[in-house]
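Worksheet: the structure to be examined is printed underneath.
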Amino acid sequence: MGEQPLFSLKAHVFQIDPDTKRNWIPASKHAVTVSFFYDAGRSVYRIISVGGTKAIINSTITPNMTFTKTSQKFGQWADSRANTVYGLGFATEQQLQQFSDQFKEFKESARLVRDKSQEKFELLSPGLNISSPQLSQVLCEDRQSPPLLGVNGSSEDKLFRSKSADMEKSTEKEQMRKMLSEGSICERNPEAELFSLRDSNAKLVAALHEANSSIDQWKKQLAEYQEETVRLREQVAELEAQSGVSASSEELTQTVAEMEALIRAKDEEISILRGKKPDIIQLEKEREEACQRMQDLEVKNSELEKRVRLAEGVLASSQDARSRAESAMQKVIETLDVKIYDLSDLRQNLAKLLDK
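When the sequence shown is numbered by our numbering, its final residue is 397 and no position is left out of the sequence of numbers.
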């Protein structure tokens, strides 16, 4: 049996930079479909997203994974098997909440699958008398359909789940400590939004350049049409001046009518070109707003970097103070050792004097 799609949403996909562990790298230029799948053959849940001809997300959901909402429309999770951190940017808060709820549900289903696998492993032990056809039937039934989330269970099952939950919490804490040490948690959301603003700014600048080039082209065509109109009018004036010598009145009237029709057609083309002029003021306003937001994010990013450097300085000063305290303690211990040695020599001398 193949994989069954369970839930899908559109989102912008990011991956953490494997070198710096601080910046987001966009995995897709546009919003792509991100889906939850259930692999009945291996009894696993996966998150899959395909961009073009390649898979940009192929993450197997495990019970120790955690999906974290870092802003109103952005969330992330770490995949230790893929050795990366995935980030998703949604269009609305509702979509982010739906994805988070589905992630929790399928994570719980993955935990139930693991618990059942543990129970089947215990059933395979020599101490239990279960016929192989029954065991094969149980394994087959569990592989065919996704497990249902239950509420009640036996005391042994609850004890096993509580131990598993403790192990998951400890694993999550270790992952969080590791991410904090690499300095990737506090700057993820600003970096992703900064990248999005830079992308929008680049698109606005490109559109502005294209509009300016189109305006220059239209101005050039307008000037050519105006020159041609002036030339045609001059021809009409020359024909009117020469009407008594070189042409009959009928021919002159027909020529003047053709020239006037051509002039009207050129005037209509000029008015159409003027109507196609884009709203440059609106584009400039959007570009200024994007630049302002990008500057605000850069200021926020610099403040976060200052706070990190301040924390590192406090940590370094604490370590220096500790080393100085240890050094002073060592000197005190050495002084005490010397005094104890001198005291022992004094006692030996007193004993010798008393013996004499």
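Ideal placement from N, C-alpha and C gives every residue a C-beta, glycine not left out.
- In the displayed model, His53 falls within a strand according to three-state DSSP.
- DSSP links Ser76 through a beta bridge to Ser49 and Ile89.
- In the DSSP assignment, Asn99 forms a beta bridge with Ile89.
- Leu280 and Ala247 have their C-alpha atoms some 49 Å from each other.
- Counting the other CB atoms within 10 Å of its CB gives Gly130 a total of 16 or more, which places it among the buried residues.
- Under the criterion of beta carbons closer than 8 Å, Phe78 and Pro104 do not qualify as touching, at roughly 17 Å.
- Around the beta carbon of Met370, fewer than 16 other beta carbons lie within 10 angstroms, which makes this residue exposed.
- Taking the Cα of Ser49 as reference, the smallest distance to any Cα among Phe108, Gly128 and Gln139 is reached at Gln139.
- If you ignore the 5 residues before and after Gln136, its C-beta comes within less than 7 Å of the C-beta of Leu50, all in its own chain and listed in chain order.
- For Thr61, no beta strand (DSSP E) encloses it, and the DSSP letter there is neither H nor E.
- In the DSSP assignment, Thr125 falls within the unbroken beta strand (DSSP E) covering Thr125 to Gly130.
- For Gln117, the enclosing beta strand (DSSP E) stretches over residues Phe115 to Asp120.
- In this structure Ile304 is not in contact with Leu263, their Cβ atoms being roughly 14 Å apart against a cut-off of 8 Å.
- In this structure Gly128 is buried. Its beta-carbon is surrounded by 16 or more other beta-carbon atoms within 10 angstroms.
- Residue environment analysis places Gly116 among the buried positions, since at least 16 neighbouring C-beta atoms fall within 10 angstroms of its C-beta.
- Cα atoms of His250 and Lys307: separation of roughly 27 Å, rounded to the nearest angstrom.
- Contact check for Ser69 and Val54: beta-carbon distance about 5 Å, within the 8 Å limit, so the pair qualifies.
- 8 Å or more divides the Cβ of Tyr266 from the Cβ of Glu301.
- Ala243 and Lys326 have their C-alpha atoms spaced approximately 14 Å apart.
- Using a 10 angstroms sphere on the CB of Ala357, the tally of other CB atoms stays under 16, which defines it as exposed.
- If you keep only unbroken alpha helix (DSSP H) runs of at least 4 residues inside the segment 279-362, you get 284-287 and 290-316.
- DSSP places Thr376 in the helix class (H, G or I) of the three-state scheme.
- Rounded to whole angstroms, the separation of the alpha carbons of Lys110 and Val154 is 26 Å.
- In this structure Leu391 is exposed. Its beta-carbon is surrounded by fewer than 16 other beta-carbon atoms within 10 angstroms.
- For Gly316 and Gln323, the gap between their C-alpha atoms comes out near 16 Å.
- Nearest to Ser90 by alpha-carbon distance, out of Ala72, Arg83 and Ala81, is Ala72.
- Of the residues Glu146, Ile313, Val126 and Ala366, the one whose Cα lies closest to the Cα of Trp259 is Ile313.
- Distance from Phe108 to Ser141 at the Cβ level is roughly 6 Å; contact confirmed, criterion being Cβ atoms closer than 8 Å.
- Just so you know, the alpha carbons of Asn124 and Lys380 end up roughly 58 Å apart.
- At least 8 Å separates the beta-carbon of Ala132 from that of Leu245.
- Burial check for Lys148: the Cβ neighbour count within 10 Å reaches 16 or more, so the residue is buried.
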